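Protein sequence lines correspond, in order, to chains A and B. Add 692 to the 1-based position in the first sequence for this note's numbering, that's all there is to it. Add 692 to the 1-based position in the second sequence for this note's numbering, that's all there is to it.
Number of protein chains: 2
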Amino acid sequence: MENKTSILLAEDDINLGQLLQNFLRSKGFDVLLASNGKMAFERFNERDFDFCIFDVMMPEMDGFTLAKEVRELDKKIPILFLTAKAMENDKLEGFSIGADDYLTKPFSMEELLARMNAILRRVDSDKNEEGELFIGKIKYEPELRLLHLNGDTKKLTTKENQLLSLLVKNQNEILDRQAALRAIWGDDNYFNGRSMDVYIAKLRKALKDDENIEIMNVHGKGFKLIVKD
Amino acid sequence: MENKTSILLAEDDINLGQLLQNFLRSKGFDVLLASNGKMAFERFNERDFDFCIFDVMMPEMDGFTLAKEVRELDKKIPILFLTAKAMENDKLEGFSIGADDYLTKPFSMEELLARMNAILRRVDSDKNEEGELFIGKIKYEPELRLLHLNGDTKKLTTKENQLLSLLVKNQNEILDRQAALRAIWGDDNYFNGRSMDVYIAKLRKALKDDENIEIMNVHGKGFKLIVKD
DNA sequence: AGTCAGCGTTAAAAAAAGTTAAGCTCTCAA
DNA sequence: TTGAGAGCTTAACTTTTTTTAACGCTGACT
């Protein structure tokens with residue numbers, strides 16, 4: 693039984709939001725609907741998602757700002773924008789953030805689905821056919837906070853798991869130090885920073901059995917999980 | 693014989709409250725009417741409900757605050773708001789809490805029913821066709837405080853049952869430690885916290901026969917009932 | 001080359017959670 | 001009336017998780 697693709701949907705128009713949620717659920721997706729950017733970002737920090745659909749115009753936090761924050765924590769997650777106005781600037785700004793596509797309202801449900809599938813098809817998910825996630829030779833189960841390497845299992849603590857999860861989402865790219873601190877510790881002060889360094893050391897130990905894995909520091913920027921193959 | 697869907701209805705307008713109660717009862721629902729948010733929350737802590745209908749404007753505790761408290765204890769229960777004013781802010785706040793729908797007064801009874809059915813249809817109840825609740829392979833009867841696994845039956849105590857019930861309502865999500873303490877012990881002081889830890893240990897023992905079930909701790913946050921399948 | 005903030009690592013301290021059992025308080029039946 | 005048992009709390013001790021501290025190293029900038 694393969695796991696459902698989970699979608700974070702941020703849409704302030706209740707009717708459209710519900711409509712999309714129902715439609716996507718009927719298509720076998722696991723959908724979480726948030727009615728503004730702020731709430732959506734909170735949810736994003738709480739659990740894992742595979743796909744983002746953000747309305748551009750929203751109260752509290754607009755779709756672009758939301759996307760920017762999300763991108764700091766996950767360089768790879770597909771983001772699709774919904775925009776009411778066929779405004780060129782909007783489109784541009786969206787794509788410069790790293791949007792994967794956009795739809796101008798009104799759009800048909802089927803069109804949305806088609807675009808989503810197109811993105812999902814071309815995005816090389818880190819997961820394999822069985823929906824398993826591997827870091828090099830090490831199997832990683834974020835939900836269960838487990839690492840597996842040839843029969844051996846290591847249980848990660850909450851903080852270890854949160855940090856590794858972020859690193860994996862930014863595999864081979866830089867995970868911004870401050871962004872990670874805000875996401876995991878809620879505050880990027882000095883002490884939390886030192887705490888994070890301790891956890892980086894712990895993770896390096898936990899991953900040292902695969903010599904192709906490296907957590908590299910980028911001075912003054914953050915950390916980068918590198919997996920050679 | 694299938695069990696009735698139980699509704700917690702919070703409405704301060706006596707006339708409307710009674711009207712709704714009668715209507716919903718005539719439609720085969722089991723309805724409990726509370727005349728303000730505080731009372732509604734007390735009732736919520738006393739027994740199990742399948743559905744919430746909250747008026748937004750209420751004395752003592754408004755519908756949104758009530759919903760927030762309810763959500764801390766049950767991430768999945770459907771909540772439908774009744775709002776007198778067609779005020780955008782109200783709607784937004786409601787949905788950011790995780791409302792499933794809202795109705796603006798005045799509304800027709802039939803419309804309420806239609807919306808409720810729409811929500812109930814799409815909400816994937818944890819219960820199976822026979823209305824039985826399973827945690828992995830273990831059958832759980834909250835009302836009778838019983839656990840069943842291949843012929844074996846285990847009777848839970850009041851506290852064990854309350855705690856397990858909360859965990860089940862938040863299956864695969866974090867049950868907030870403080871919120872659980874306030875709901876079950878009424879106060880989240882140190883000693884009650886230690887007491888809860890003892891009960892977590894008891895529940896882990898009670899559930900250990902199914903190795904796919906795990907009560908995981910999320911340090912400083914709470915507990916998470918994880919069921920693999 | 002010198003300085004200094006940023007990072008690496010280890011160890012200690014502190015906080016949170018796990019476990020076991022003793023003790024208290026009810027209830028209910030003898 | 002009483003005492004046995006159930007249920008819950010409290011206590012004591014252990015383990016786990018997280019933070020803080022200490023000291024050494026590194027890279028950027030002067």
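Glycine included, every Cβ here is placed at the ideal spot set by N, Cα and C. The structure displayed is predicted, hence computed values, not measured ones.
- Looking from the CA of methionine 888 (chain B), the closest CA among B:Asn820, B:Ile907, B:Lys900 belongs to B:Ile907.
- Cβ-Cβ distances below 7 Å link methionine 801 (chain A) to Phe715 in the same chain, with the five nearest sequence neighbours on each side left out; the list follows chain order.
- Residues of chain B whose Cβ lies closer than 9 Å to the Cβ of leucine 836 (chain A) are, in chain order, Glu906, Met908, Ile918, Lys920.
- The way I'd put it, the region 899-919 of chain A doesn't touch the region 696-704 of chain B; fewer than three beta-carbon pairs between them come closer than 8 Å.
- Nearest CB-CB separation between threonine 850 (chain A) and chain B: below the 7 Å threshold.
- Counting only unbroken stretches of 3 or more residues, the beta strand (DSSP E) elements lying wholly within the region 741-794 of chain A are 743-747, 771-775, in sequence order.
- If you draw a straight line from the Cα of arginine 735 (chain B) to the Cα of aspartate 868 (chain B), it comes to about 20 Å.
- Straight-line spacing of the CA atoms in alanine 810 (chain B) and lysine 829 (chain B) works out to 30 Å.
- In this structure, B:Leu841 is the residue among B:Leu841, B:Glu821, B:Phe756 with its C-alpha nearest to the C-alpha of isoleucine 827 (chain B).
- Cβ neighbours of leucine 825 (chain B) within its own chain (closer than 8 Å, five residues either side excluded): Asp818, Lys819, Lys831, Tyr832, Glu833, Pro834, Val860.
- In terms of CA proximity to lysine 846 (chain B), B:Leu895 leads the group B:Lys916, B:Ala759, B:Leu895.
- When 8 Å is used as the limit between beta carbons, asparagine 809 (chain A) is near no residue of chain B, the shortest such separation being about 22 Å.
- With a threshold of 16 other beta carbon atoms within 10 Å, lysine 696 (chain B) falls short and is exposed.
- Cα atoms of leucine 711 (chain B) and valine 815 (chain B): separation of roughly 26 Å, rounded to the nearest angstrom.
- The contact set of asparagine 714 (chain A) on chain B, defined by CB atoms closer than 7 Å, consists of Arg814 in chain order.
- Pairing asparagine 853 (chain B) with arginine 837 (chain B), the inter-Cα distance amounts to about 6 Å.
- Contacts between arginine 717 (chain A) and chain B, judged by CB atoms closer than 7 Å, involve Arg814 in chain order.
- Collapsing the DSSP output to three states places glycine 914 (chain A) in a strand.
- Residues of chain A with a Cβ closer than 8 Å to the Cβ of histidine 911 (chain B) are, in chain order, Thr849, Thr850, Lys851.
- DSSP places serine 718 (chain A) in the helix class (H, G or I) of the three-state scheme.
- Assignment of lysine 797 (chain A) by DSSP, reduced to helix, strand and coil, places it in the coil class.
- When the alpha-carbon of lysine 768 (chain B) is set against those of B:Ala872, B:Gln863, B:His911, B:Lys900, the nearest one is in B:Gln863.
- Rounded to whole angstroms, the Cβ separation of leucine 774 (chain B) and lysine 797 (chain B) is 6 Å, and the two are in contact under 8 Å.
- Sorting A:Arg874, A:Leu839, A:Gly720 by C-alpha distance to the C-alpha of lysine 900 (chain A) places A:Leu839 at the top.
- Straight through space, the alpha carbons of glycine 843 (chain A) and glutamate 738 (chain A) are spaced by roughly 30 Å.
- Taken through DSSP and simplified to helix, strand or coil, asparagine 853 (chain B) comes out as helix.
- Here serine 817 (chain B) carries a coil assignment [DSSP, helix/strand/coil].
- A direct Cα-Cα distance of roughly 43 Å separates methionine 808 (chain A) from leucine 724 (chain B).
- DSSP, read as helix, strand or coil, puts aspartate 844 (chain B) in strand.
- Put simply, the backbone Cα of methionine 750 (chain A) is about 11 Å away from that of alanine 732 (chain A).
- In the structure shown, asparagine 707 (chain B) falls within a helical segment according to DSSP collapsed to helix, strand and coil.
- Judged by DSSP in its simplified three-state form, serine 698 (chain A) adopts strand.
- Leaving aside the five residues that flank glycine 790 (chain B) on each side, the residues in its chain whose CB is nearer than 6 Å to its CB run, in chain order, Arg763.
- Excluding its 5 nearest sequence neighbours in each direction, leucine 795 (chain B) has C-beta neighbours in its own chain below 8 Å: Leu772, Phe773, Leu774, Thr775, Glu803, Leu804, Arg807, listed in chain order.
- Separation of glycine 885 (chain A) and leucine 917 (chain A) (C-alpha to C-alpha, rounded to the nearest whole angstrom) is 18 Å.
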